[in-house]
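Structure first, then comments.
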Amino acid sequence: MKFFKKTFIIIFFIVFSPKNLIAETPYFLDFKFILNESIAGKQAQVFLKNKLEKGAKSIQDKQKKLQEEENKLIQKKKIISAEEYKKNVTALRSKVSALQKERNNLLENVSKQRTKARKELLSKLNPIIKNYMKEKNIRMVVDKKSLLLADDALDITDDIISLLNTKLKSIDLK
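When the count follows our numbering, it moves up by one through the sequence shown with no breaks and lands on 157 for the last residue.
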């Protein structure tokens, strides 16, 4: 009976040892920061920003030309016939409609490219995080936006950014 008690106590302490009772410490990282501050992420943002600015400038120039054309048409209203005026107004409206479609296409295209860049960056980031977790024997990584408070020592964002920067220099968005 003594042997049974000793064996039971030993097994009890092995199974319920403090190591098994303490929850593993979750580490965290800031995905948004990684996406914005990594070399590939910054490069993609600059590319998309330039594309959007060029497109917006082009659309603004066209819009100014259409406004000038509208002003000229208003000035000619009394000089030209009613039929010709309606014809010119219809043509002007179709140009305005085409400009709106161009603006929407630009925004949609930039949005698609932003989504593509984000997906590609995340697809490259996941294996890096998994390898880092294996190397450091980490069982859980949480996004920083899901946390209320945490010790800064548990933040692995900088480590992941440096690993990502060595493995991914740019994202092809063309």
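Note that the Cβ used here is the ideal one computed from N, Cα and C, for glycine as well. As the structure is a computational prediction, the values presented were derived from the model and not from experiment.
{"Asked": "Using beta-carbon positions only, say whether residue 31 and residue 101 come within less than 8 Å of one another.", "Found": "no"}
{"Asked": "Need the endpoints of the alpha helix (DSSP H) that residue 31 sits in, please.", "Found": "22 to 59"}
{"Asked": "For the alpha helix (DSSP H) that residue 105 lies in, which residues bound it at each end?", "Found": "65 to 119"}
{"Asked": "Tell me which same chain residues have a C-beta within less than 8 Å of the C-beta of residue 70, skipping the five on either side of it?", "Found": "none"}
{"Asked": "Using only CA atoms, which one of 84, 64, 55, 24 lies nearest to residue 38?", "Found": "84"}
{"Asked": "For residue 134, which beta-bridge partners are listed by DSSP?", "Found": "Note: residue 134 sits in no beta bridge, so no partner."}
{"Asked": "Just grab the DSSP bridge partners of residue 12 for me.", "Found": "126"}
{"Asked": "How long is the line joining the alpha carbons of residue 104 and residue 91, rounded to whole angstroms?", "Found": "20 Å"}
{"Asked": "Any idea what DSSP makes of residue 150, helix, strand or coil?", "Found": "helix"}
{"Asked": "Counting C-beta neighbours from all protein chains within 10 Å, is the total for residue 23 16 or more, i.e. buried, or is it exposed?", "Found": "buried"}
{"Asked": "Between residue 55 and residue 68, is the Cβ-Cβ spacing less than 8 Å?", "Found": "no"}
{"Asked": "Looking at the structure shown, is residue 139 part of a helix, part of a strand, or coil, going by DSSP?", "Found": "coil"}
{"Asked": "For residue 159, which residues of its own chain have a beta-carbon under 6 Å away from its beta-carbon, when the five flanking residues on both sides are left out?", "Found": "Within the shown structure, residues of the chain are numbered from -16 to 157, placing residue 159 beyond reach of any answer."}
{"Asked": "When the Cα atoms are used, what is the spatial distance from residue 146 to residue 78?", "Found": "50 Å"}
{"Asked": "Taking a contact to mean a Cβ-Cβ separation below 8 Å, would you say residue 49 touches residue 89 in this structure?", "Found": "no"}
{"Asked": "Return yes when the Cβ of residue 41 is within less than 8 Å of the Cβ of residue 144, no when it is not.", "Found": "no"}
{"Asked": "Does the separation of the CB atoms of residue 151 and residue 107 fall below 8 Å?", "Found": "yes"}
{"Asked": "Straight-line CA distance for residue 127 to residue 96?", "Found": "25 Å"}
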